[in-house]
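Chains as they are written, first to last, in this note's numbering: chain Y, 1 to 449; chain U, 1 to 473.
Glycine included, each C-beta is placed from N, C-alpha and C at the ideal position.
Have a look at the structure below, then the notes.
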Amino acid sequence: MKRLRIDSLIFIIVIVIAGIINLMNPNKPSISIAENRKLQEKPVFSAFSYFDKSYVNNYALYYSDTFTLRDSLIQSRRYINKYFGFKKDMKIEINQPTDSPLPTSSPISSPVESQTIAPPSPTESLLPTPSQIYVPEPEYQKAHTVEVLNTPFFLIDNYVVASIWALDDSLRKYAQFINELQISMGEDVGIYSMIVPTSMEYFDLADLQYITGSQKKMVEDIAEYTNDSIHDVDVYDALFTHCNEYIYYRTDHHWTHLGAYYAYCSLMESMGKKEDIIPLENYAEKEVIEGYIGSAYRKTNQDDRVLNNPDILTAYYPVTEYKYVMHKKTGSVEKRLNDLSYITFDNQYYNMFMSGGNGIYHEFTTDNENGQTLLVICDSYGASFVHFLLPHYEKVYIMDTRYYDREYLNNMTIDEFAKSISADEIATLLYMDSVAYTFNTEALYGLLK
Amino acid sequence: MVFSGLFFITVFLPAVLILYYISKNRTYRNTVLTIMSLVFYSWGEPVFVLLLLLTSAFVYIIALLIQKNSGKPLSKVYLVSGISIIIAVLAFFKYSGFIAENLSALFKFENSFNDIALPLGLSFYTFTCISYLVDVYKEKTAAQRNFMDLLMYISIFFTVTSGPIQRYPDWQADIRSDRETWDKFNYGVHRFIIGLAKKAILANTAGSLISSFMGTDYSKLSVQGAWIGILLFSLQIYFDFAGYSDMAIGLASMFGFSIKENFNYPYISRSATDFWRRWHITLGLFFRDYVYIPLGGNRKYRIRNLLIVWFLTGLWHGASWNYVIWGLYFFVLLLIEKTFLQKLFDRIPKIFSHLYFLLVMLIGWVFFYNTDLLKALQYIGVMFNINAVSFSDPILTILFNNNVLFIIIAIICTVPLGRFLKEQAEKLEHRISKGHTDIVNMIVLPVLNILLFAVSIIFLVGDTYTPFLYFNF
């Protein structure tokens, strides 16, 4: 053949034109409506970003994220995917035993114990004896149907849940982190370990239990690996007692503010401050925002079944006056909790709790002149937890480990940081995903070294 | 930068093509290819591009020294020391963490060694360099006097990261010749699109399904799930690497180079011996020519030689014992086949040897997939219903049903059906038109190519970054 064949010609024309359009396009999108997320921003070139490869990696991501007609091409792919198989009976009915509760997953504690972590109401301040109040024995939420979304996500009734399999090495690494933190801090500093199960744990899956690992077992393993001097806060049971309430979002991997409140109660009890718990009724001022579609929508490749099930986000305002400073690389800025500017369609509403939560650390100062300082080492679950801590401390520091920046912190390890702020107590607050996999726990452990 | 990335396809590739084809000057064209190859490499390895340059310079000098002392004992000294040094560099980056880990386990000391990142393509270009030095020593080729031409051979962007491993004598003739033709260009575009489709449509889809089956706790895995899981992995790894190789061959062809094939429908093999003639062909040939034969080949210590070759083949894939076991597994299979099994298969219907091969191939991939040996054994146990929780489970059945057509299409793509249909269509057309038309090649094939290209782009756009599996090795 003496010339370019038609397909070669079209190929060349397409790649050249696509290249020119994508490089020259001045109106690159910054958000994806179809995916409900922010797209990668154009990275800034510097010698450092070039040599640590972040520039080229982010540039490639930016280039494909902002590719012309991306949303329509994604739609086309979903359309093609539909023809990959026979979508028939998508729903699996769960055969729930009619009379007996789940035999293999009995609650850790007896009903009397779980009663003690029920949220106190004003009448409870009279401290009645256990026999005076009837607290029903907690039961797992009975699941009725399971639908398969993309791995590892399932739709259980109308909750998007993700199955989870912890690596034992990872649980040990977490325990090693907290044990060594305790040794470094000394015995005078109380260390509290809070591990939050994900919503999937509280469903009674009957004969489909095998689709996920037991988070109860994971929590028990961690408690076994941690030293005796560590206070293992029983968040598992605190949430279990209320698992039939709205403590997790249906479309998001976080807990609701109510879930965070129950965990706060269990922390207070573990600290021996049960009497100081502020009743939920006192949190009268709140925001109630409807139509929240959380992170699960993006993670399940925009599954319509997620979209049809929006959440209601309730956010309580702190009952204590406070000053909140978010420390960022670019400088320290004063913020407020429950920032309504995050309630826009392209944002995850959850970000409103602590203004996106992406500061290196967050410093709260209250009017309580008790000299008490608490450091919370956490993931994004911490953003909706801090509200309830403020009444009890003069200083609360929230440190989301993902944003730890050694350079900014004068090369301090996390224990050195805790000493520098004279923390009286330290609580870790991590949801199960953050401790189940070694890439997270190795990074966490690295903060001590 | 990966071949299947949008940035490569729509920015880097057109840029190289335009810069390359605007002048007919040979030196200019070769310089463009070399410089753009270094740009390509430094995009992924901004620091270790220096190692690539240093290695090339080192190999350039050693080859000249070997040639200068040809016939003298000194040439062998240069060869051995040259190879030792480049292997030492590979060992340092790839195996020092592994060696430290094993020594610490053996002598019971605490291992504080941090793993070093493996520079992209080091496993591949080290072998390219070794083959060049040996070929110069054996006088199969003259040492290249022009450093830029040698640098092009070692660093050329279509093979530097993952092969196919080229031999210098095959490459040499193309360097200064008028190698480009429209036929080669058209073929190059066709091969590139075929490779892209294998990667973007087949490998990435199979990869996205695997974790449901193999990413779980094996004690909860059903027998059916275990088989589907490993089947999907075997499809993923084949289409990933064969797709990459097709793209490399296609790119080379666009610039007029004819480079070695790496795959020849490996899954239609009838034995492990056959498989290694069809899978990662350039690696198998490298070990045959530069390890097995120099050790004595079939003539002396044959079993020892085979053992060494398969140990090294396993170890080359990764610094982990599971890869070594995977290599030795093939050593055992080859021995069994050579001793009696091959003779048996020659006498019974072909279907039995195909079934035998599919079984041993799938089991082999279990060792390849699981870096933890105990997990691999547990997985194989589940496949054969030993300690499996159940035979089947409804969730995996749904996943399977949702993707069954994809799995069937992918399996069909592992056999030479497309090639067969094309040949039949050509024959039919020839018979009807008596050779006056070429609709198959001028219309049908181009239309199919464009369709495949469009679908591949659709699949790539929504995907997050999916690097080729063989980048790890």
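Just the Cα atoms here: how many angstroms apart are residue i and residue j?
i, j, result
"glutamine 176 of chain Y", "leucine 429 of chain Y", "16 Å"
"glutamate 137 of chain Y", "leucine 258 of chain Y", "20 Å"
"leucine 447 of chain Y", "leucine 133 of chain U", "47 Å"
"isoleucine 458 of chain U", "proline 318 of chain Y", "48 Å"
"alanine 263 of chain Y", "valine 360 of chain U", "52 Å"
"glutamate 480 of chain U", "isoleucine 156 of chain U", "With chain U running from 1 to 473 in the structure shown, residue 480 of chain U is simply not present."
"glutamate 290 of chain Y", "phenylalanine 345 of chain Y", "12 Å"
"lysine 328 of chain Y", "glutamate 407 of chain Y", "12 Å"
"leucine 23 of chain Y", "isoleucine 9 of chain U", "13 Å"
"arginine 78 of chain Y", "threonine 300 of chain Y", "12 Å"
"proline 43 of chain Y", "tyrosine 283 of chain Y", "42 Å"
"threonine 437 of chain U", "phenylalanine 58 of chain U", "54 Å"
"glutamine 348 of chain Y", "histidine 254 of chain Y", "11 Å"
"alanine 454 of chain U", "arginine 70 of chain Y", "13 Å"
"tryptophan 316 of chain U", "alanine 272 of chain U", "18 Å"
"valine 189 of chain Y", "alanine 423 of chain Y", "7 Å"
"glutamate 334 of chain Y", "valine 325 of chain Y", "4 Å"
"tyrosine 83 of chain Y", "phenylalanine 158 of chain U", "34 Å"
For residue i and chain Y, any beta-carbon pair shorter than 8 Å?
i, result
"asparagine 25 of chain U", "no"
"lysine 220 of chain U", "yes"
"leucine 399 of chain U", "yes"
"asparagine 370 of chain U", "no"
"isoleucine 395 of chain U", "yes"
"leucine 405 of chain U", "yes"
"isoleucine 9 of chain U", "yes"
"serine 253 of chain U", "no"
"proline 6 of chain U", "According to the sequence shown, residue 6 of chain U is leucine rather than proline. Taking Cβ atoms only, chain Y reaches closer than 8 Å to leucine 6 of chain U, which makes this a yes."
"threonine 414 of chain U", "no"
"leucine 231 of chain U", "no"
"aspartate 474 of chain U", "With chain U running from 1 to 473 in the structure shown, residue 474 of chain U is simply not present."
"asparagine 402 of chain U", "yes"
Chain U beta carbons: is any one of them nearer than 8 Å to that of residue i?
i, result
"arginine 77 of chain Y", "yes"
"isoleucine 222 of chain Y", "no"
"lysine 53 of chain Y", "yes"
"serine 46 of chain Y", "no"
"glycine 85 of chain Y", "yes"
"tyrosine 63 of chain Y", "yes"
"asparagine 22 of chain Y", "yes"
"arginine 298 of chain Y", "no"
What residue range does the beta strand (DSSP E) around residue i cover?
i, result
"leucine 167 of chain Y", "Premise fails: leucine 167 of chain Y is in no beta strand (DSSP E) and is neither H nor E."
"lysine 395 of chain Y", "395 to 400"
"lysine 91 of chain Y", "91 to 93"
"methionine 194 of chain Y", "190 to 196"
"cysteine 378 of chain Y", "373 to 378"
"leucine 65 of chain U", "No beta strand (DSSP E) holds leucine 65 of chain U; the alpha helix (DSSP H) holding it covers 49 to 68."
"valine 389 of chain U", "Per DSSP, valine 389 of chain U belongs to no beta strand (DSSP E) and is neither H nor E."
Need the endpoints of the alpha helix (DSSP H) that residue i sits in, please.
i, result
"serine 4 of chain U", "First-last for serine 4 of chain U: undefined, no H or E at that position."
"phenylalanine 154 of chain Y", "Segment 153 to 156 is the beta strand (DSSP E) holding phenylalanine 154 of chain Y; no alpha helix (DSSP H) there."
"glycine 284 of chain U", "281 to 287"
"histidine 317 of chain U", "302 to 317"
"serine 353 of chain U", "350 to 369"
"isoleucine 426 of chain Y", "Taken as a continuous stretch (DSSP letters only), isoleucine 426 of chain Y belongs to no alpha helix (DSSP H), being part of the beta strand (DSSP E) at 425 to 431."
"glutamate 429 of chain U", "417 to 433"
"histidine 257 of chain Y", "257 to 270"
"histidine 362 of chain Y", "Looking at the DSSP string, histidine 362 of chain Y is not in any alpha helix (DSSP H); the run it does join, the beta strand (DSSP E), is 361 to 366."
"alanine 18 of chain Y", "6 to 24"
Residue i bridges to which residues according to DSSP?
i, result
"glutamate 147 of chain Y", "Y:Lys91 and Y:Leu155"
"glycine 331 of chain Y", "Y:Lys328"
"alanine 315 of chain Y", "Y:Glu287"
Legend entry - Stretch-stretch touch, CB-based, cutoff 8 Å, three pairs: the stretch 172 to 190 of chain U with the stretch 281 to 295 of chain U: no
Legend entry - Validate contact between the stretch 323 to 340 of chain U and the stretch 298 to 309 of chain U using beta carbons, cut 8 Å, 3 pairs: yes
Inset, instruction - Check whether the stretch 170 to 183 of chain U touches the stretch 173 to 190 of chain Y, counting contact only when three or more Cβ pairs, one atom from each stretch, lie closer than 8 Å. - result: no
Inset, instruction - Check whether the stretch 391 to 398 of chain U touches the stretch 231 to 248 of chain U, counting contact only when three or more Cβ pairs, one atom from each stretch, lie closer than 8 Å. - result: no
Legend entry - the stretch 347 to 364 of chain Y in contact with the stretch 393 to 403 of chain Y per 3-pair CB rule at 8 Å: yes
Inset, instruction - Pair every Cβ in the stretch 227 to 235 of chain Y with every Cβ in the stretch 157 to 171 of chain Y, then say whether three or more of these pairs are closer than 8 Å. - result: no
Inset, instruction - May I ask you to verify whether the stretch 61 to 69 of chain U touches the stretch 118 to 126 of chain U, counting CB pairs closer than 8 Å and requiring at least 3? - result: no
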